[in-house]
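Q: Residue numbers 0 to 210, in numbering that gives the first Met the number 0, belong to the letters of the sequence shown in order. Note that beta-carbon positions come from the ideal geometry of N, C-alpha and C, so glycine has one too.
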Amino acid sequence: MDSKKPSPNNNEPILSDHVYDGIQEYDQKLPNWWLFTLYIAIAWFVVHWLCYYQLGLGSSDTSLIDKAMAEMQQARDKQMESITDEQLWALSKDSAAVEAGKATFMTPGMCVTCHGPDLSGMLSGAKLPGLPLNDQEWKHGGKPTEIFKIVRKGSPDITKGMAAWEQVLGMKRVSEVVAFVLSHHKEGEPITRAADSPPASATTAPAPAAK
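#1: Check whether the Cβ atoms of residue 172 and residue 103 lie closer than 7 Å to each other.
#2: Classify residue 101: buried if its beta carbon has 16 or more other beta carbons within 10 angstroms, exposed otherwise.
#3: Could you compute how far the alpha carbon of residue 146 sits from the alpha carbon of residue 64?
#4: So, is residue 96 buried or exposed, given that buried needs 16 or more other C-beta atoms within 10 angstroms?
#5: What does the alpha-carbon distance come out to for the pair residue 106 and residue 116?
#6: Does residue 183 pass the burial test, meaning 16 or more other C-beta atoms within 10 Å, or should it be called exposed?
#7: If you scan the stretch 17–41 from start to end, which runs of the beta strand (DSSP E) of 3 or more residues do you find wholly inside it?
#8: Less than 7 Å between the beta carbons of residue 113 and residue 127, yes or no?
#9: Decide if residue 143 is buried, meaning its Cβ has at least 16 other Cβ atoms within 10 Å, or exposed.
#10: Can you tell me where the alpha helix (DSSP H) holding residue 67 begins and where it ends?
#11: Skipping 5 residues on each side, what residues in its chain have a beta carbon closer than 7 Å to that of residue 91?
#12: Cα separation between residue 192 and residue 134?
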């Protein structure tokens, strides 16, 4: 195929002299806007690589997301700090929360290990380390917020009672476990202090406080 290279002064596209299978290629200079975009992208990459990977400046998307998630979790935890008995009783009637709490409770190595699958503190006739959670007798208090506090912070005497679970489970899962325990009780039922309960504080009303 005979090809003529038009003068660069006209508006026709410039074709290369190379022909293959009847096909020719354009032989024109790339537009300046395209070249500037490429050069800026290269410069940006170099600056970003130096600042981020070599100088340790800036934050990655992962760290920004982690920070945002941590802030949301802190906000949820702060809200949980002011949870009331009424809210915990309402949560115990939420089937999704109760099922989630049951799943956590029944996980091997967690609550079920010490309190038993039926919350009785017994397993096949043998006494487990934990106290029963399905009766009306409580050592550290049977009000929902008191149970919530004990699950979060653990027993006042860690050598004789339960460890704190807040750091392991987080506030949301703690509230779900409490909802599961409360689902085995009725709101307004009598609460009895165990014989070995620690003495009530002289500065507070003698309210029973959770296993």
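A: From the atom records:
#1: Closer than 7 Å, so yes.
#2: With 16 or more Cβ atoms within 10 Å of its Cβ, residue 101 is classed as buried.
#3: C-alpha separation (whole angstroms): 33 Å.
#4: It is buried - the Cβ of residue 96 has at least 16 other Cβ atoms within 10 Å.
#5: Distance between the alpha carbons of residue 106 and residue 116: 10 Å.
#6: The residue is exposed, with fewer than 16 neighbouring Cβ atoms inside 10 Å.
#7: Qualifying beta strand (DSSP E) stretches, in chain order: 22–25.
#8: Going by C-beta atoms, residue 113 is nearer than 7 Å to residue 127.
#9: Buried, since its Cβ has 16 or more Cβ neighbours within 10 Å.
#10: Residues 60–80.
#11: So the qualifying residues of the chain are 97, 178, 181 and 182.
#12: Spanning the two alpha carbons is a distance of roughly 11 Å.
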